[in-house]
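Residue numbers (the working numbering): 5 to 125. For glycine and all other residues, C-beta sits at the position ideal for the given N, C-alpha and C.
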Amino acid sequence: MARTPRIWSDIDIAMVNYFTELRAQDGDSSLRSLAARSGLKHTRLGDLFNMQNGTPTLQEFIDLCILFGVDPSGSLKIILDRVESERQRLISDVADHPENYDIAALHDSSKRLEREGGDGR
């Protein structure tokens, strides 16, 4: 039976970006070197760092935290704060520059009513 892969979420992507930074600080170790130290397979580490195939599991997150010597709960807070900060930045950018985004209210024939909050009746 075919399975539909889960789409990488903003949190999944931020997590990989976080560990990519830690990997760079660690001397940008090879995947095989990281695999030997973490117990994860080098092919799976490659998938994670390239954001391919399956999304990260909780166990992989914890294993990577242990590998890089960081606290899992503190790391999760950092990752969630980054995601929230990026969402707020995007919301502000859309509000300040809606013309840069394909927003239906900009193209709809009743855009004036939508912007004013009217229902068109």
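- Excluding the 5 residues flanking it on each side, ARG93 has no same chain C-beta neighbour closer than 7 Å.
- Secondary structure of HIS46 (DSSP, three-state): helix.
- If you look at PRO76, you'll find it in the alpha helix (DSSP H) that goes 76 to 100.
- VAL87 places its beta carbon less than 8 Å from that of ILE15.
- Here the alpha carbon of ALA39 sits roughly 12 Å from the alpha carbon of PHE72.
- Annotation for GLN63: the continuous alpha helix (DSSP H) segment containing it runs 62 to 72.
- Counting C-beta atoms within 10 angstroms of its own C-beta, ASP32 has fewer than 16 neighbours from the protein chains shown and is therefore classed as exposed.
- Taking the CA atoms as reference points, VAL20 sits about 7 Å from MET55.
- The alpha-carbon of ARG36 is positioned some 18 Å away from that of GLU25.
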